[in-house]
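Protein chains: 2
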Amino acid sequence: MKKKILISDIARDLGVSVTTVSFILNGKAKEKRISDGLTKRVLDYVKKVGYKPNELAKSLRTGKTKIIGLVIEDISNPFFANIARLIEAKAYSKGYRILYCSTDNQPEKTVELIELFRDRHVDGYIITPSEGVRDTIDSLLNSHLPLVLFDRYIPGLNANYVISDNVKGAYDATAHLAQRGYKRIALVTLYSSQTQMRDRMNGYMRAIDTYQLQPYVKKVNMEDDEQAAIQGMRAFLKDQQPDAIFFATNYLAITGLKALKQRDLLMPAVVSYDDHTLFKLFTPTITAVSQPIEAIADQLINTLLNQLDGHGKETKQVVLPSELIVRESSLGQTSTKEN
Amino acid sequence: MKKKILISDIARDLGVSVTTVSFILNGKAKEKRISDGLTKRVLDYVKKVGYKPNELAKSLRTGKTKIIGLVIEDISNPFFANIARLIEAKAYSKGYRILYCSTDNQPEKTVELIELFRDRHVDGYIITPSEGVRDTIDSLLNSHLPLVLFDRYIPGLNANYVISDNVKGAYDATAHLAQRGYKRIALVTLYSSQTQMRDRMNGYMRAIDTYQLQPYVKKVNMEDDEQAAIQGMRAFLKDQQPDAIFFATNYLAITGLKALKQRDLLMPAVVSYDDHTLFKLFTPTITAVSQPIEAIADQLINTLLNQLDGHGKETKQVVLPSELIVRESSLGQTSTKEN
DNA sequence: TAATCATGCTAATGCGTTTAAGCACTTTGG
DNA sequence: CCAAAGTGCTTAAACGCATTAGCATGATTA
Chain R
1 MKKKILISDI ARDLGVSVTT VSFILNGKAK EKRISDGLTK RVLDYVKKVG
51 YKPNELAKSL RTGKTKIIGL VIEDISNPFF ANIARLIEAK AYSKGYRILY
101 CSTDNQPEKT VELIELFRDR HVDGYIITPS EGVRDTIDSL LNSHLPLVLF
151 DRYIPGLNAN YVISDNVKGA YDATAHLAQR GYKRIALVTL YSSQTQMRDR
201 MNGYMRAIDT YQLQPYVKKV NMEDDEQAAI QGMRAFLKDQ QPDAIFFATN
251 YLAITGLKAL KQRDLLMPAV VSYDDHTLFK LFTPTITAVS QPIEAIADQL
301 INTLLNQLDG HGKETKQVVL PSELIVRESS LGQTSTKEN
Chain B
1 MKKKILISDI ARDLGVSVTT VSFILNGKAK EKRISDGLTK RVLDYVKKVG
51 YKPNELAKSL RTGKTKIIGL VIEDISNPFF ANIARLIEAK AYSKGYRILY
101 CSTDNQPEKT VELIELFRDR HVDGYIITPS EGVRDTIDSL LNSHLPLVLF
151 DRYIPGLNAN YVISDNVKGA YDATAHLAQR GYKRIALVTL YSSQTQMRDR
201 MNGYMRAIDT YQLQPYVKKV NMEDDEQAAI QGMRAFLKDQ QPDAIFFATN
251 YLAITGLKAL KQRDLLMPAV VSYDDHTLFK LFTPTITAVS QPIEAIADQL
301 INTLLNQLDG HGKETKQVVL PSELIVRESS LGQTSTKEN
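In the order they appear, the protein sequences are chains R and B. Each residue of the first sequence is one higher than the one before, counting from 1 in the UniProt record's numbering. Each residue of the second sequence is one higher than the one before, counting from 1 in the UniProt record's numbering.
Following this line, the structure appears as structure tokens:
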């Protein structure tokens, strides 16, 4: 168990000052007019003994950690997981590392995680805000900390965000069902006033208006155990007998499918906001509103990096289009996006 | 944008020394015989001004970060995601925080992530080791850093680990199919010599021996694009015409289902190692070998916390039983574990 | 009465870096 | 020819906290 080697060891061994070594290590050799010979000598020695600076000390001194905190609703949801992956890759190439945590959409947990990241002095934040975290986000904003929200935003808060066009996505999904001739098109959504949920509801209602249909809305509480949610949905299905259902999230769709699994209910047409790898495997396959994951990740990381570089003082609020992926194996039709 | 408040500010405002404040804040008031009156006065003032110590400085000084690094194959895989959740919850209650990262099973990335965590001085490691990281793990071991491997281990390395009984799980799955009368039972696995894969193969082979069947094994490379894997599987299916398939991981099963989706192939019976929320929704539903997630998380965190407390010098290597969850809706049978 | 002890606190040092300021000399420009 | 600028480094002060060793009191003991 060899002793950890310090920058002062390097300096001593080479007969120079710690400062000089530090300059060279931080690429300031030229700027600080250190001779090429010494620069090379130091670099070689550092490589030889395998010295690595103590990042904690470095961060304490500089105030920078080269870490981005990713506070996400649920990392096990494929939509979020995929975005996390893309962000991680892009950040990596810029020398930043990502640390992630799941909030389960619980305000207290979200606040705690943001505080944790703040305690650890992460350089920037990417957050899916749950309800009731306005003050915490506001405090980050007031401290001028680089920050981008996504998937939803906080009305009235002048923060950067990247979201998809939830209204249009939901409208398209509902309109698609209406055009197929379905008459009793239900929306299954959450008890939630978050913006993305609100907008999906609005999109659904707009389509209902356009096609002069009756709305059937079921709100579910997903924080309780899943069984209760399933029971609630089953009651709704028996009651209202929808011939088509638009689920406002992919996990609502999954829970809904479980509710439909028992064969006493007839299988309505199903559309989900957010896709899922397995949706294409179902019989019948499930149409989905697919968010432009790659573009979202791009915008997120670029907006954040801009702020980290000190540019981009003006807030950036981006709305990206979603795409309806139509899957109807029973009718022999396939989307071109299929693989 | 208010200035960050320091421990020295507290001390000055209260007319006491920094040392005293530090003692009180770290719960050493009694031990250091600080009077109750002063203790209360300091605590109250700290709460009033909302002082929070700089964790970086603290860590630099103490060498402790109260952070556990979780290096996992793929956080978007439900099996890993669920374990991560449980670990996070248990660690949290002990004052530890979790930081996670996905390796995608790539050795270079795994090594880099472990180094990253090491640079950040995490207090302990929980790792699903990919191949080729023996040296890195060994180096952690040599530095006496608290460490537990899981899902697989590294043969010959005397490290703590927690795994499930892969041999028995695979045997049970294969035997189940044999008992149902299937004759051409295939194994679909990875090109991988990791222990869990090796053991699942061994379990399959033992069952093949027991029931005097012919083995049909397809190895797949999942690091390439999925299309190639699907094509490979389809070729195998057409060639060998298995009437039952045992997939060695849940994502192999998902890819396999995509390969089977086209209706030119007859649907064989399917069993997967590791369960998935959606498996029970398929028609026909999919039987799975389910690992005891809760027990695994318990053992992992307990083993690690033991080491962090300074106890537990002897290495702990735990093998937990897996359970076969039989799902056969077509036959009207259901497992009692079903919900 | 002096020696001892418990009490309640503080001064000083260290953790491993970065960085502003400087130093002793040499070169350059007008 | 002399001030200004350049050269190649180093000194020392942070960064924000924890901790060891110790110091001044007053109380207790012998």
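Backbone N, C-alpha and C define an ideal beta-carbon position, used for all residues, glycine too. In this text the structure is predicted, and so the values were computed from the model without any measurement.
If the criterion is Cβ atoms closer than 8 Å, does the pair T136 of chain B and E73 of chain B meet it?
Along the second sequence, read from residue 1 onward, the residue named residue 136 of chain B stands at position 136. Along the second sequence, read from residue 1 onward, the residue named residue 73 of chain B stands at position 73. Cβ distance not < 8 Å, so T136 of chain B and E73 of chain B don't count as in contact.
Starting from the C-beta of S330 of chain B, find all residues in its chain whose C-beta is less than 6 Å away, skip the five residues before and the five after it, and write them out in chain order.
Residue mapping note: residue 330 of chain B aligns to position 330 of the second sequence, counting from 1. Because the pLDDT at S330 of chain B is just 41, under 50, the model does not fix this residue reliably, and the value given afterwards should be weighed accordingly. These residues qualify, in order along the chain: P284.
Starting from the N-terminal side, write out each stretch of the alpha helix (DSSP H) that is 4 residues or longer and does not extend beyond the region 208-277 of chain R.
226-240, 250-261
Nearest by alpha-carbon distance to V220 of chain B: which of B:L252, B:Y45, B:G181 is it?
Counting from 1 along the second sequence, the entry for residue 220 of chain B is found at position 220. Of the candidates B:L252, B:Y45, B:G181, the one whose C-alpha sits nearest the C-alpha of V220 of chain B is B:L252.
With A173 of chain B and I301 of chain B assumed to form a contact (beta carbons below 8 Å), what rounded beta-carbon distance in angstroms separates them?
In the second sequence, counting from the first residue as 1, residue 173 of chain B sits at position 173. In the second sequence, counting from the first residue as 1, residue 301 of chain B sits at position 301. For A173 of chain B against I301 of chain B, the beta-carbon gap comes to about 28 Å, at or over 8 Å, which does not count as contact.
Proximal chain B residues relative to S193 of chain R, where beta-carbon distance stays under 7 Å
In the first sequence, the residue the question calls residue 193 of chain R occupies position 193. Correct list: empty, because the minimum Cβ distance to chain B is about 26 Å.
Hey, how far is the Cα of Y51 of chain R from the Cα of V133 of chain R?
Residue 51 of chain R sits at position 51 when you count from the first residue of the first sequence. Residue 133 of chain R sits at position 133 when you count from the first residue of the first sequence. Taking the straight line joining both Cα atoms gives about 42 Å.
Kindly list, in the order they appear in chain B, the residues whose Cβ is closer than 7 Å to that of R97 of chain R.
The residue labelled residue 97 of chain R in the question sits at position 97 within the first sequence. Under the 7 Å cutoff, chain B gives L116.
Residues in its own chain within less than 6 Å of T336 of chain B by CB, not counting five upstream and five downstream?
Counted from its first residue, the second sequence places residue 336 of chain B at position 336. For T336 of chain B, the predicted structure reports a pLDDT of 37, less than 50, and the residue's modelled location is therefore unreliable. A value from the coordinates is still provided. Same-chain partners within the cutoff: there are none.
What are the partner residues of G69 of chain R, as DSSP defines its beta bridges?
As a first step, residue 69 of chain R must be located in the first sequence, where it is residue number 69. Looking at the DSSP assignment, G69 of chain R forms a beta bridge with R:L99, R:Y125.
Residues in the region 37-53 of chain B having any Cβ partner in chain R nearer than 8 Å:
K52
In chain order, what are the residue ranges of uninterrupted alpha helix (DSSP H) at least 4 long that sit wholly in the UniProt domain "HTH lacI-type" (7-62) of chain B?
7-14, 18-25, 36-49, 55-62
According to DSSP, simplified to helix, strand and coil, what is R180 of chain B?
The residue labelled residue 180 of chain B in the question sits at position 180 within the second sequence. Here R180 of chain B sits in coil by DSSP.
Beta-carbon contacts of T19 of chain B that lie in its chain and below 6 Å, excluding the five residues immediately before and after:
As a working note, residue 19 of chain B is residue 19 in the second sequence. So the list is empty, once near-sequence residues are dropped.
CA-to-CA distance, T62 of chain B to D275 of chain B, given in whole angstroms
The residue given as residue 275 of chain B occupies position 275 in the second sequence. The residue given as residue 62 of chain B occupies position 62 in the second sequence. Straight-line Cα distance between these residues: approximately 42 Å.
At 3 residues or longer, and completely inside the region 128-190 of chain B: list those beta strand (DSSP E) runs for me, N to C.
Scanning the region 128-190 of chain B for uninterrupted beta strand (DSSP E) segments of 3 residues or longer gives 147-150, 160-164, 185-190, listed from N- to C-terminal end.
Three-state secondary structure assigned by DSSP to R120 of chain B
Here residue 120 of chain B corresponds to residue number 120 of the second sequence, with the count starting at 1. In the structure shown, the three-state DSSP call for R120 of chain B is coil.
Applying the criterion that 16 or more other CB atoms from any shown protein chain within 10 Å of the CB defines a buried residue, is S93 of chain R buried or exposed?
Here residue 93 of chain R refers to the residue found at position 93 of the first sequence. S93 of chain R comes out exposed.
Near-chain B residues of the region 242-265 of chain R - C-beta to any C-beta below 7 Å:
I254, L257, K258, K261
Would you mind sorting E88 of chain R into buried or exposed? The rule is 16 or more other CB atoms within 10 Å of its CB.
For the purposes of this step, residue 88 of chain R is identified with residue 88 of the first sequence, where counting begins at 1. With 16 or more other Cβ atoms within 10 Å, it is buried.
Could you tell me which of R:P53, R:L60, R:S35, R:V318 sits nearest to K4 of chain R, measuring between CA atoms?
Position 4 of the first sequence, counted from the start, is the residue given in the question as residue 4 of chain R. Among R:P53, R:L60, R:S35, R:V318, the Cα nearest to that of K4 of chain R belongs to R:P53.
Using the three-state DSSP reduction, which class does I293 of chain R fall into: helix, strand or coil?
The count along the first sequence starts at 1 and reaches residue 293 of chain R at position 293. I293 of chain R falls in the helix class under three-state DSSP.
Using beta carbons (cut-off 8 Å, strictly below), is R234 of chain R in contact with chain B?
Counted from its first residue, the first sequence places residue 234 of chain R at position 234. Chain B, which has no Cβ nearer than 8 Å to the Cβ of R234 of chain R, makes this no.
Spell out a yes or no on whether the region 115-131 of chain B and the region 30-41 of chain B are touching, meaning 3 or more CB-CB pairs, one atom from each, closer than 8 Å.
no
Where V319 of chain B falls: helix, strand or coil (DSSP):
Taking the second sequence and counting its residues from 1, one reaches residue 319 of chain B at position 319. V319 of chain B: strand per DSSP, three-state reduction.
Who are the near neighbours of E323 of chain B in its chain, counting only those whose CB is closer than 6 Å to its CB and skipping five residues on each side?
Position 323 of the second sequence, counting from 1, holds the residue named residue 323 of chain B. Around E323 of chain B: S290.
Name, please, each residue of chain R whose Cβ falls closer than 7 Å to the Cβ of Y100 of chain B.
For the purposes of this step, residue 100 of chain B is identified with residue 100 of the second sequence, where counting begins at 1. Here the neighbours are Y100.
Residue from R:A297, R:G124, R:E328 with nearest C-alpha to I286 of chain R:
Position 286 of the first sequence, counting from 1, holds the residue named residue 286 of chain R. Comparing Cα positions, the closest option is R:E328.
What residues in the region 266-291 of chain R have a beta carbon less than 7 Å from any beta carbon of chain B?
For chain B, the residues of the region 266-291 of chain R that bring a beta carbon within less than 7 Å of one of its beta carbons are T277, L278, L281, T283, in chain order.
List, in chain order, every chain R residue whose beta-carbon is nearer than 7 Å to that of I75 of chain B.
Taking the first residue of the second sequence as 1, we reach residue 75 of chain B at position 75. Neighbours of I75 of chain B on chain R, chain order: I75, A81.
Can you tell me the Cβ-Cβ gap for Y45 of chain R and L14 of chain R, rounded? I've got them flagged as a contact below 8 Å.
In the first sequence, the residue the question calls residue 45 of chain R occupies position 45. In the first sequence, the residue the question calls residue 14 of chain R occupies position 14. Correct: roughly 6 Å between the Cβ atoms.
Could you please give the first and the last residue of the uninterrupted alpha helix (DSSP H) stretch that includes F80 of chain R?
For the purposes of this step, residue 80 of chain R is taken as residue 80 along the first sequence, with counting starting at 1. Residues 78-93.
For a contact defined as C-beta to C-beta under 7 Å, what are the partners of P78 of chain R on chain B?
Stepping through the first sequence from its first residue, residue 78 of chain R is reached at position 78. Against P78 of chain R, the close residues of chain B are S76, in the order they occur along the chain (beta-carbon pairs closer than 7 Å).
Which residues in the same chain have their Cβ closer than 6 Å to the Cβ of R180 of chain B, if we skip the five residues on either side of it in sequence?
By 1-based counting over the second sequence, the position of residue 180 of chain B is 180. The answer is none, since no qualifying residue turns up.
Quickly, what does DSSP pair T287 of chain R with across the bridge? List them, please.
As a working note, residue 287 of chain R is residue 287 in the first sequence. R:V271, per the DSSP bridge assignment.
Taking only beta-carbon positions, decide if S164 of chain R is within less than 8 Å of chain B.
By 1-based counting over the first sequence, the position of residue 164 of chain R is 164. No, no contact with chain B.
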